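Residue numbers (my numbering): 1 to 875.
Note sheet for the following structure.
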Amino acid sequence: MDEHYQPSSCETQAQRYWEENRTFNAVEDPSREKYYCLSMFPYPSGRLHMGHVRNYTIGDVISRYQRMQGKNVLQPMGWDAFGLPAENAAMKNSVAPAQWTYDNIDYMRKQLKSLGLAIDWEREIATCKPDYYRWEQWLFTRLFKKGLIYKKNGIVNWDPADQTVLANEQVIDGRGWRSGALVEKREIPMYYFRITSYAEELLADLDTLPDWPEQVKAMQRNWIGKSRGMEVHFPYSPSLQPSPVAGEGAAKEVLKVFTTRPDTLMGVTYVAVAAEHPLATQAAAHNPALQAFIEVCKKGGVTEAELATQEKTGMATGHYVQHPFTGERLPVWVANYVLMGYGEGAVMAVPAHDERDFAFATQYGLPIKAVIRPVDGETPVPLTAAYTDYGLLFNSNEFDGFTFEQAFDSMAIALQSKALGQPKIQFRLRDWGISRQRYWGCPIPIIHCADCGDVPVSDDQLPVVLPEDVVPDGSGNPLAKMPQFYEAACPVCGKPARRETDTMDTFAESSWYYARFASPHATTGMVDEKARYWLPVDQYIGGIEHAILHLLYARFFHKLMRDEGLVAGNEPFAKLLTQGMVLAETLYRTHSNGKKDYYFPHEVTLERDNKGRTISATLIADGQPVTVGGIETMSKSKNNGVDPQELVDKYGADTARLFMMFAAPPEQSLEWSDAGVEGAFRFLKRLWKRVAEHLSHGPAPALDADNLTAEQRALRLQVHETIRKTSDDIGRRYTFNTAIAATMELINALYRFEDTSEQGRAVMQEALESIVLILSPIVPHVTHALWHELGHTDAIVNAPWPQPDPAALVKDSIELVVQVNGKLRGRICVPATASRPEIEAVALADENVKRFVDSSAIKKMIVVPGKLVNIVVAE
RNA sequence: GCCGGGAUGGCGGAACUGGUAGACGCGCCAGACUCAAAAUCUGGUAAUCGUAAGGUUGUGAGAGUUCGAUUCUCUCUCCCGGCACCA
Numbered sequence: 001m002d003e004h005y006q007p008s009s010c011e012t013q014a015q016r017y018w019e020e021n022r023t024f025n026a027v028e029d030p031s032r033e034k035y036y037c038l039s040m041f042p043y044p045s046g047r048l049h050m051g052h053v054r055n056y057t058i059g060d061v062i063s064r065y066q067r068m069q070g071k072n073v074l075q076p077m078g079w080d081a082f083g084l085p086a087e088n089a090a091m092k093n094s095v096a097p098a099q100w101t102y103d104n105i106d107y108m109r110k111q112l113k114s115l116g117l118a119i120d121w122e123r124e125i126a127t128c129k130p131d132y133y134r135w136e137q138w139l140f141t142r143l144f145k146k147g148l149i150y151k152k153n154g155i156v157n158w159d160p161a162d163q164t165v166l167a168n169e170q171v172i173d174g175r176g177w178r179s180g181a182l183v184e185k186r187e188i189p190m191y192y193f194r195i196t197s198y199a200e201e202l203l204a205d206l207d208t209l210p211d212w213p214e215q216v217k218a219m220q221r222n223w224i225g226k227s228r229g230m231e232v233h234f235p236y237s238p239s240l241q242p243s244p245v246a247g248e249g250a251a252k253e254v255l256k257v258f259t260t261r262p263d264t265l266m267g268v269t270y271v272a273v274a275a276e277h278p279l280a281t282q283a284a285a286h287n288p289a290l291q292a293f294i295e296v297c298k299k300g301g302v303t304e305a306e307l308a309t310q311e312k313t314g315m316a317t318g319h320y321v322q323h324p325f326t327g328e329r330l331p332v333w334v335a336n337y338v339l340m341g342y343g344e345g346a347v348m349a350v351p352a353h354d355e356r357d358f359a360f361a362t363q364y365g366l367p368i369k370a371v372i373r374p375v376d377g378e379t380p381v382p383l384t385a386a387y388t389d390y391g392l393l394f395n396s397n398e399f400d401g402f403t404f405e406q407a408f409d410s411m412a413i414a415l416q417s418k419a420l421g422q423p424k425i426q427f428r429l430r431d432w433g434i435s436r437q438r439y440w441g442c443p444i445p446i447i448h449c450a451d452c453g454d455v456p457v458s459d460d461q462l463p464v465v466l467p468e469d470v471v472p473d474g475s476g477n478p479l480a481k482m483p484q485f486y487e488a489a490c491p492v493c494g495k496p497a498r499r500e501t502d503t504m505d506t507f508a509e510s511s512w513y514y515a516r517f518a519s520p521h522a523t524t525g526m527v528d529e530k531a532r533y534w535l536p537v538d539q540y541i542g543g544i545e546h547a548i549l550h551l552l553y554a555r556f557f558h559k560l561m562r563d564e565g566l567v568a569g570n571e572p573f574a575k576l577l578t579q580g581m582v583l584a585e586t587l588y589r590t591h592s593n594g595k596k597d598y599y600f601p602h603e604v605t606l607e608r609d610n611k612g613r614t615i616s617a618t619l620i621a622d623g624q625p626v627t628v629g630g631i632e633t634m635s636k637s638k639n640n641g642v643d644p645q646e647l648v649d650k651y652g653a654d655t656a657r658l659f660m661m662f663a664a665p666p667e668q669s670l671e672w673s674d675a676g677v678e679g680a681f682r683f684l685k686r687l688w689k690r691v692a693e694h695l696s697h698g699p700a701p702a703l704d705a706d707n708l709t710a711e712q713r714a715l716r717l718q719v720h721e722t723i724r725k726t727s728d729d730i731g732r733r734y735t736f737n738t739a740i741a742a743t744m745e746l747i748n749a750l751y752r753f754e755d756t757s758e759q760g761r762a763v764m765q766e767a768l769e770s771i772v773l774i775l776s777p778i779v780p781h782v783t784h785a786l787w788h789e790l791g792h793t794d795a796i797v798n799a800p801w802p803q804p805d806p807a808a809l810v811k812d813s814i815e816l817v818v819q820v821n822g823k824l825r826g827r828i829c830v831p832a833t834a835s836r837p838e839i840e841a842v843a844l845a846d847e848n849v850k851r852f853v854d855s856s857a858i859k860k861m862i863v864v865p866g867k868l869v870n871i872v873v874a875e
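What follows is the structure, given as structure tokens:
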């Protein structure tokens, strides 16, 4: 065999073998246990980045391990091909988004293939192809007819200069990213998925997912945000209002609010509504100052983070409502912290018992009325901060002395008797707005007819094909300027009508691709019967950043498809692994104006002291110092991105895969290190060399496990302990880093084992075969070659996972640690069968232990079998 | 602001169920090989006191529970992810 490890030839040969033998083509076979392993498919942004390499390597290791367990494995790949970056690239380079996207897919497919992933490429899909999105349109029409999709107004970011809707990402410090104009909020009609109809089920079914990370389930629970509270109606009558409004008749008769703290109802001193609330609009009609305030509230972005962190401001509307119990006149304020999208867009304010209301009331001199006191004390007067704990009611008339629960129940009865409220379950989750005023997305299959209204496109007219030769210019949706697209006949009456030009949120495509992969060529529906074999996905892998939105939408879509009779089961992903981000060190200089210049690692020299600590960094170009900055996510703007392609070209895919899996466990963030990559490469060379050295002594004889020297037995013990440990690490814990560490330890032991006797070589052969098998899911190319070198004719990809030999794992004696008062004082070796008194005697006989133990002062001894002895003495 | 997560040697990390803190790798130091260098191999490497045996301190900060805490509880600091139109 070649003395030296040559990654490129190993990788070419192994990849050619898999391709020629169609090794990874998945075929439905009910007689075999299936395993569907799915990594989140990439957006075709241009080039693979390290996050992709990490994601797909994790998925590949799991897939290959499951294959070695005898499962019928499916690992597919495709493209989340619609999206905003394609339109941005189109504007920048004057290339149609379709062309840009398809070029990127071709390049990235080649890159993925060079990583040697065990993917069934015959199932590849791209979501921008009509044969994919036509079924999404089909589902849309079904849901529309069922009322699970409806139209209402929604608030968007409007760029008044470019006359276009902006994504949140395109609003920077309240301004449009291209125009720099101050962004405004604007209300436009949009289609919504009624996800709130599934809120209860989406919440409850989280309890059926034991193999999802707890933190992801916690985030989803909090996002859905089920709370039990009270809907309270504050009567609003024209007679309460300033004269210009009286008699206009447009006023609602009650102002509805939702509260989780009805026990504080008697402490309400004002009511606050969102700037977009109809009552605010009405009050502003004759109030220029209020009108101006509402206009200010409408400036700026629409994200919750922005609204929650902005300074709380408000203005009195001059209008009043009545307290439902006392009839007291309460002022109505407009406040910028009240969100129109939540509940009723109005809140009752209890400054004494809500932090935000307290701050607001203090700022505007509104009254503060305490009505809750601690069970065993008094509420301080005056209040210096809101008292938000539960307690007992006071200042609350007939409710005085009640607990929260008592107050809740009796107030519910009192409100219901006056028809001014009732208990209510409220969700934080809002319906999912899916209309996008963009070109590069799946067209919404609706036709607007002057006579028939909004009519879904009929099945025989699907798909509504998106023209692919359009170059957007940043001024709104080009489809709205193309009569050949938007001119259509009404499917009901046949009269000329207008086709909807909005496209769907790209989250829609990524919400059901997992199902399409299970029957990618189905021509009769979203999926066909093959999907029943593969679904649910056994293992789903992707970035933690998708913990809420994508995963919630996919779970929702699965339930929608289930209710259409398309898929079985209630959940799409049985097991979930959320991978951490890939980070790298930044090198920069800060200008006096606060801007930073970032440098590439090759532009900078690092100096270290003789302990390896970095003491200085200088720019090679000018010899002046550079700041070694924080560890941040890889990005082009910070010059700290590492191109996986360079890595694969220089060291091969196996080294890239090995480093990725060794540097950190998958759920943690991973810090890039060039030196660490060298280490991974070095390990593969060491493995190769050890196999070559072993084979230079000729073929190994059969192992005679009962006739081994102590040294040979010891090595065999380590081999089988390594098999046992790595099986658990890879199969159950997904801590690939510790599995690799264990094989490194074993290789180190093999370098120390110089026994070239017959049985020495037999033990070595077993050890090397074990290491090669264990590493084969992680570094499939080099192990493919080494497996042949070790004398096997069949390919390692078809070999079963190794099993530990129980006989090899038997130990005669064990080492225990001896502590005195919890501090380590000695180590003892005892027979594996030693009794507790025997262990105690040996522990007390240890020379160093004796120095710390006065036998008369022993209070007790704790013996943890197989671990330690702790002697507790009086101090 | 709200929700979720994290913090361990010079660095990445290990310690899985409360039981030996620092496995493994990187870096660094020393040695071998070499005319020399690279590569490779061997040994050392938390801090501190000690010739050594061994002692003391030490897992972001502070408290608590326990025979024993990186692990459990509480308070705090900083960092990361998400917040509904980035994907």
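Built from N, CA and C at the ideal position, the CB exists for glycine as well.
None of the values given here were measured: they were computed from a predicted structure.
What is the DSSP secondary structure of residue i, reduced to helix, strand or coil?
i, result
"Asp61", "Here the sequence assigns Val to residue 61, which means Asp is not the residue at that position. Val61 falls in the helix class under three-state DSSP."
"Lys689", "helix"
"Cys297", "helix"
"Thr403", "coil"
"His52", "helix"
"Phe823", "According to the sequence provided, residue 823 is Lys. The question's Phe does not apply to it. Note: Lys823 maps to strand in three-state DSSP."
"Leu587", "strand"
"Asn707", "coil"
"Gly147", "coil"
"Val677", "helix"
"Trp534", "helix"
"Lys185", "strand"
"Trp135", "helix"
Residues in the same chain with beta-carbon distance under 7 angstroms from residue i, minus the five sequence neighbours each way, listed in chain order, please.
i, result
"Thr738", "Asp729"
"Ser114", "Val648 and Ala653"
"Pro536", "Gly569, Glu571, Pro572, Phe573 and Ala574"
"Glu19", "none"
If we count the other Cβ atoms within 10 Å of its Cβ and call it buried at 16 or more, is residue i buried or exposed?
i, result
"Thr141", "buried"
"Cys128", "buried"
"Ile425", "exposed"
"Gln813", "Rather than Gln, the amino acid found at residue 813 in this sequence is Ser. When all chains shown are included, Ser813 counts as exposed."
"Asp2", "exposed"
"Tyr751", "exposed"
"Ile446", "buried"
"Gln66", "buried"
Might you give, ordered along the chain, the residues of its own chain that have their beta carbon closer than 6 angstroms to the beta carbon of residue i, omitting 5 neighbours on each side?
i, result
"Ile774", "Thr726 and Thr743"
"Gln416", "Gln422"
"Ala98", "Glu468"
"Ala663", "Leu670 and Gly676"
"Leu715", "Phe753 and Val763"
Which same chain residues end up closer than 8 angstroms to residue i when comparing Cβ atoms and leaving out the 5 residues on each side of it in sequence?
i, result
"Val869", "Leu816, Val817, Val818, Gln819, Ile828, Ile839, Glu840, Ala843, Met861, Ile862 and Val863"
Mind checking whether the beta-carbon of residue i lies closer than 6 angstroms to any heavy atom of the ligand ATP?
i, result
"Ala795", "Looking at this structure, you won't find the ligand ATP or any other ligand, since it has none at all."
Does the structure place the segment 337-351 close enough to the segment 264-273 that three or more beta carbon pairs sit under 8 angstroms?
In short, these stretches touch, since the Cβ pair count reaches three.
Evaluate contact between the segment 535-554 and the segment 181-188, counting only Cβ atoms and requiring at least three cross-stretch pairs below 8 angstroms.
no
Could you name each continuous alpha helix (DSSP H) segment of 4 residues or more that falls completely within the segment 597-651, going from the start of the chain to the end?
Listed in chain order, the complete alpha helix (DSSP H) runs (minimum 4 residues) inside the segment 597-651 are 644-651.
Please give the ranges of any beta strand (DSSP E) in the segment 713-793, keeping only runs that are unbroken, at least 3 residues long and fully inside the region.
none
Contact between the segment 66-86 and the segment 109-120 is defined here as three or more beta-carbon pairs at a separation below 8 angstroms; is this criterion met?
Contact between the segment 66-86 and the segment 109-120 is present: three or more C-beta pairs spanning the two stretches fall below 8 angstroms.
Which ranges would you report for the alpha helix (DSSP H) in the segment 67-133 if only whole runs of at least 4 residues count?
84-93 and 97-114
Taking three-plus beta-carbon pairs below 8 angstroms as touching, is the segment 498-516 in contact with the segment 470-481?
yes
How do the segment 745-761 and the segment 654-662 stand: do at least 3 beta-carbon pairs fall below 8 angstroms, yes or no?
no
Does the structure place the segment 151-165 close enough to the segment 397-412 that three or more beta carbon pairs sit under 8 angstroms?
Note that the segment 397-412 does not touch the segment 151-165; fewer than 3 beta-carbon pairs, one per stretch, sit closer than 8 angstroms.
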